[in-house]
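Engineer:
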Amino acid sequence: MDDEETELRNPFPSPPSHYTRYTTHNLKLLELFRARAGEDADLNALNQYEVLSDQVDVPEWPLAQLEKPRVDWILEEGHYTVFGDTWHVKEQIPSLEELGGHQLYPQDPSVDRRPALRSILRSLLVTYSKLLNAVLAPPPTSSSQIEAEWKQHLEWINILAQNIMAAANDLRPVQARGNLELMMRRQVELRREETKAIHTKCDALEMQLAQLCSAAQGSLTAPSASGSALGPPRIPPALVLYIITSVQANAEQMYQTLDPSRMSIEDVLRWAEEIT
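Offset between the sequence shown (1-based) and the working numbering: plus 1303.
If you want it as structure tokens, here you go:
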């Protein structure tokens, strides 16, 4: 039994020793046992040799051990055991009182803990001052049965430090949410800056294409030096108009895709709240 406990607490434990019982024959016996006993029957209360008297190689150990764990029982108890360690179904940070410590701040997280933490900090400073005075005092005689004063102050400082550390650990989810909020705000700002740069570039391209279009249209009507119209322009006006229309359509599609106004801060914070 001690060897099994040691094996379970290994960083890389081997499978439990009873995994060899999950053979095809034993699983068929369990299914037949369950069918003959009934769905609501307690297999541990029945004699498997009598129920399976017509079968061969019925094991000596109870077949009920091969049944899957009851999920409803796990949810009711709130925890389960794997490799010798207990895991809670709903992950939560245990309080200092649940860990066996002396908790000096309110248990309810909705209550403002700042007054209690200020009192703990003041008590820590006062106790530290008393500890220095106790260390400077002459030591007690060997026949004295009174416990040294510095030991009492040191024990109380330890309790106060545990409370400050536990209260700080309780704020880890709040700190993680704040960091995620700042990260998402920065991403929104970067998206807005990129979108602004794209809009500026699109406006410049539209202006240049508009100048090309006006130059191409003017070249059709501008007379030559001999009084006759010029020949065909280098860039056909229809091609220029097509380019301008395509660029405007692509710019509008890019604007709809990257427009930060479609993603509000509330949407980002709501998404961050769902993650945490």
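Ideal Cβ placement from N, Cα and C applies to all residues, glycine included.
Once DSSP output is grouped into helix, strand and coil, what is the label at VAL1385?
Structural biologist: On the sequence shown, residue 1385 is found 82 positions in, with the first residue counted as 1. DSSP places VAL1385 in strand when its eight states are reduced to three.
Engineer: Quick check on DSSP: helix, strand or coil for TRP1364?
Structural biologist: Position 61 of the sequence shown, counted from the start, is the residue given in the question as residue 1364. In the structure shown, TRP1364 sits in coil (DSSP, three-state: anything other than H, G, I, E or B).
Engineer: Closer than 7 Å by C-beta to ASN1472: which residues in its own chain qualify, once you throw out the five before and the five after it? Chain order, please.
Structural biologist: What you label residue 1472 is simply residue 169 of the sequence shown in a count that begins at 1. Closer than 7 Å at Cβ, skipping near neighbours: ILE1396.
Engineer: Taking contact to mean at least 3 C-beta pairs separated by less than 8 Å, is the segment 1391-1408 in contact with the segment 1457-1472?
Structural biologist: yes
Engineer: Using three-state DSSP, classify HIS1328 as helix, strand or coil.
Structural biologist: Counting from one through the sequence shown, the residue named residue 1328 turns up at place 25. Three-state DSSP puts HIS1328 in a helix.
Engineer: Among ASN1350, GLN1358, ASP1375, GLU1452, whose alpha-carbon lies nearest the alpha-carbon of TRP1364?
Structural biologist: Here residue 1364 corresponds to residue number 61 of the sequence shown, with the count starting at 1. It is ASN1350.
Engineer: Would you kindly work out how many angstroms separate the C-alpha atoms of THR1444 and GLU1380, rounded to a whole number?
Structural biologist: Reading the sequence shown from its first residue, position 141 is the one you call residue 1444. Reading the sequence shown from its first residue, position 77 is the one you call residue 1380. Computed Cα separation, rounded: 55 Å.
Engineer: Between the beta-carbon of TYR1383 and the beta-carbon of TRP1390, is there less than 7 Å?
Structural biologist: Counted from its first residue, the sequence shown places residue 1383 at position 80. Counted from its first residue, the sequence shown places residue 1390 at position 87. Yes.
Engineer: Three Cβ pairs or more, each shorter than 8 Å: is that satisfied between the segment 1480-1494 and the segment 1432-1444?
Structural biologist: no
Engineer: Between MET1619 and ARG1489, what straight-line distance do the alpha-carbon atoms span, to the nearest angstrom?
Structural biologist: Outside the shown range of the chain, which is 1304 to 1579, sits residue 1619, and nothing can be said about it.
Engineer: Assuming LEU1369 contacts VAL1361 under a Cβ cut-off of 8 Å, what Cβ separation, rounded to an integer in Å, is found between them?
Structural biologist: Working through the sequence shown from its first residue, we reach residue 1369 at position 66. Working through the sequence shown from its first residue, we reach residue 1361 at position 58. Contact flag wrong, Cβ pair sits at about 13 Å.
Engineer: Would you mind sorting SER1317 into buried or exposed? The rule is 16 or more other CB atoms within 10 Å of its CB.
Structural biologist: In the sequence shown, the residue the question calls residue 1317 occupies position 14. It counts as exposed.
Engineer: For HIS1502, which of helix, strand or coil comes out of DSSP?
Structural biologist: Your numbering for residue 1502 matches position 199 in the sequence shown. Helix at HIS1502.
Engineer: Let me check understanding here. Comparing Cα to Cα, which of LEU1399, VAL1374, GLU1400 lies closest to VAL1392?
Structural biologist: Position 89 of the sequence shown, counting from 1, holds the residue named residue 1392. For VAL1392, the nearest C-alpha among the options comes from VAL1374.
Engineer: With DSSP run on the structure shown, which of helix, strand or coil describes HIS1321?
Structural biologist: Here residue 1321 refers to the residue found at position 18 of the sequence shown. It is helical.
Engineer: Assuming contact is defined by CB atoms lying nearer than 7 Å, are ALA1470 and LEU1428 in contact in what I supplied?
Structural biologist: Start at 1 with the first residue of the sequence shown, and residue 1470 comes out as number 167. Start at 1 with the first residue of the sequence shown, and residue 1428 comes out as number 125. In this structure, the beta-carbon distance from ALA1470 to LEU1428 does not fall below 7 Å.
Engineer: Does the distance between the C-beta of ARG1425 and the nearest non-hydrogen atom of the ligand MG fall short of 6 Å?
Structural biologist: Absence of the ligand MG is noted for the structure shown, with no ligands found whatsoever.
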